[in-house]
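S.K.:
Numbering (this note's numbering), first residue to last: 42 to 428.
Structure (C-alpha cells):
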C-alpha cells in the first residue's frame with residue numbers, strides 16, 4: 042500500500058527526524074526501536090511498510106532538509122552517519138516540501154492545500170495520503186458558530202475574516218481531499234463538529250491530539266497504580282524545561298496554556314478526580330531539542346499516612362516523537378483502507394488528550410490498540426484470500 046505522509050511543519054525537528062528515521066529503516070541502516078507498530082502484536086500485512094512511505098509536506102520555513110538534518114545531527118538528535126549516508130535521499134524529497142499557501146480567504150488557502158495534496162497523490166500514484174500536523178502549538182481559538190455545522194463553515198470560510206485556526210484549516214483541506222488527518226499537537230486540528238461531519242462525508246479518518254512522549258506518558262502509567270491500589274493522590278505538580286523551536290513557541294502564554302491543559306487533563310480522566318497542582322512549562326534555550334520534567338506527587342495511604350513520590354524524565358523530544366509519527370501514519374492509512382472514517386479513538390495510546398471515547402490509562406489503551414490492529418489484520422488476510 043503506497044502511502045503518502047504529508048507533514049505540516051515538514052522542515053521542523055520532529056518532521057525531519059521522522060523522515061531520516063524512515064529512510065534509515067528502509068535502507069537497513071537502523072533498527073525500529075521506538076516504533077510501536079513493529080512490536081509483534083501489531084506488526085503485519087495490514088500496515089504499509091516503511092518502504093511504502095512517500096514524504097511531502099508544507100512549511101513556512103525554507104531551511105533545506107539536509108541542512109536541518111545536519112543541525113539535528115550536531116545537536117545529538119540523529120546520528121551524523123545517517124545524515125551523511127542519506128544525503129541524496131533527503132535531497133530527493135526536497136521538491137516535495139511546498140511553501141504553506143496563504144491566500145486572500147481561508148477558502149482559497151484550503152483549496153490550494155487540497156490541490157497540493159491531490160497533485161502529490163497523483164504524482165506518486167499513492168493509494169492513501171495521511172496528513173500529520175507536527176507544527177508549533179497554537180492557542181485555543183475563540184468559539185465560532187460556523188464550527189458546529191459544515192454548511193455554515195463552508196460559507197464562513199469564503200469571507201474575509203479567519204474562521205479556523207491554522208491546524209483546523211489544514212485538517213479541513215486534508216479531509217476535503219479525502220486524506221486521513223493526525224494532529225500530533227495540542228492544537229484544535231479536526232476537533233470541531235463541522236470537521237467531523239466533513240470527515241464522515243469524505244470517508245476520511247482522523248486522530249489526535251498531542252503526542253504522548255514524555256512526562257504525560259509516565260503519568261499514564263503511574264496514575265493507574267495509585268487508582269488500583271486505592272491510594273489518594275493529594276497533589277501532582279510538574280515542571281517542564283525544554284528548548285528548541287517548540288520550547289520557544291511555548292514561551293507565548295496562550296500556546297503554553299493550551300499545552301499545559303492537555304498535559305494535566307489525563308490525571309482527572311484516570312483517577313476520577315482532579316488532585317491539586319499544576320503543570321508548568323519553561324523555555325530554556327540552552328538545552329535545545331531535549332527536555333527535562335520533574336514531578337512531585339503527594340498521596341495518602343491507610344489511616345491517612347502522608348507519603349510522596351518524585352520522578353525526573355530527561356529525553357529527546359524529536360527522537361521520542363518521530364517513531365510515533367510513523368506509527369500513526371501507518372495505522373491511519375490502514376484504518377482508511379479498511380473503510381474507517383471519522384474519529385479513531387483506538388489510537389488514544391499515542392495521545393495526551395485523545396479524540397473520542399476511550400480509556401486514558403496506558404495499559405488499557407494498549408489493549409484497545411492491539412484489538413484494533415488485530416481487526417485490521419483479519420480484514421487484510423480475508424482480502425488476500427478473496428483475491
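For each residue, glycine too, the CB sits at the ideal point set by N, CA and C.
(1) Quick one: measure Cβ to Cβ for residue 247 and residue 235, integer angstroms, because I've assumed they're closer than 8 Å.
(2) Judging by CA-CA distance, which residue of 206, 352, 386 is the nearest neighbour of residue 262?
(3) Given residue 439, which residues of its chain have a CB within under 6 Å of its CB, disregarding the five upstream and five downstream residues?
(4) Which partner residues of residue 332 appear in the DSSP bridge assignment?
(5) Let me know if residue 99 comes out buried or exposed under the rule of 16 or more other beta-carbons within 10 Å of its beta-carbon.
(6) As an exercise, report each continuous alpha helix (DSSP H) stretch of at least 4 residues that is fully enclosed by the segment 358-406, in chain order.
(7) In this structure, does DSSP put residue 139 in helix, strand or coil?
(8) Alpha carbon to alpha carbon, what distance is there between residue 381 and residue 237?
(9) When the distance is taken between beta carbons, is residue 175 closer than 8 Å to residue 55?
(10) Quick one: residues in its chain with C-beta nearer than 7 Å to the C-beta of residue 210, no 5 flanking neighbours on either side, listed in chain order?
(11) Could you tell me which of 50, 407, 77, 409 sits nearest to residue 141, measuring between CA atoms?
(12) Does the Cβ-Cβ distance between residue 240 and residue 75 come in under 8 Å?
(13) Assign residue 48 to one of three DSSP states: helix, strand, or coil.
(14) I'd like the ranges of any beta strand (DSSP E) spanning at least 3 consecutive residues and lying wholly in the segment 101-176.
(15) Report the option in 408, 124, 267 whose CA atom is closest to the CA atom of residue 58.
(16) How big is the Cα-Cα spacing for residue 220 and residue 366?
(17) Cutting at 7 Å between CB atoms, please list the residues of its own chain near residue 153, excluding the five before and the five after it.
(18) Please state the DSSP three-state secondary structure of residue 225.
(19) State the DSSP-derived secondary structure class of residue 420, mapped to helix, strand or coil.
(20) So what's residue 94 in DSSP terms, helix, strand or just coil?
(21) Is it right to say residue 251 is buried, meaning 16 or more other beta carbons lie within 10 angstroms of its own, or is it exposed?
(22) Report the three-state DSSP secondary structure of residue 320 (helix, strand or coil).
(23) Three or more C-beta pairs under 8 Å: does that hold for the segment 156-167 against the segment 104-117?
(24) Between the alpha carbons of residue 155 and residue 223, how many angstroms are there, rounded?
(25) Is residue 248 helix, strand or coil when you go by DSSP?
M.R.: The answer reads as follows:
(1) Going by Cβ atoms, the distance from residue 247 to residue 235 rounds to 13 Å, so no, they are not a contact pair.
(2) Here the closest residue by C-alpha is 352.
(3) Absent from the model: residue 439. The displayed extent of the chain is 42 to 428, so no value can be given.
(4) 283, 356
(5) buried
(6) Segments of the alpha helix (DSSP H) lying fully in the segment 358-406: 358-378.
(7) Strand at residue 139.
(8) 13 Å
(9) yes
(10) Leaving aside the five residues that flank residue 210 on each side, the residues in its chain whose CB is nearer than 7 Å to its CB run, in chain order, 147, 150, 151.
(11) 50
(12) No, these two residues do not count as a Cβ contact at 8 Å.
(13) strand
(14) 138-140, 169-174
(15) 124
(16) 16 Å
(17) 142, 144
(18) coil
(19) Secondary structure of residue 420 (DSSP, three-state): helix.
(20) Residue 94: strand per DSSP, three-state reduction.
(21) Classification of residue 251: buried, given that the 10 Å Cβ count is 16 or more.
(22) In this structure, residue 320 counts as strand in the three-state DSSP scheme.
(23) no
(24) 16 Å
(25) strand
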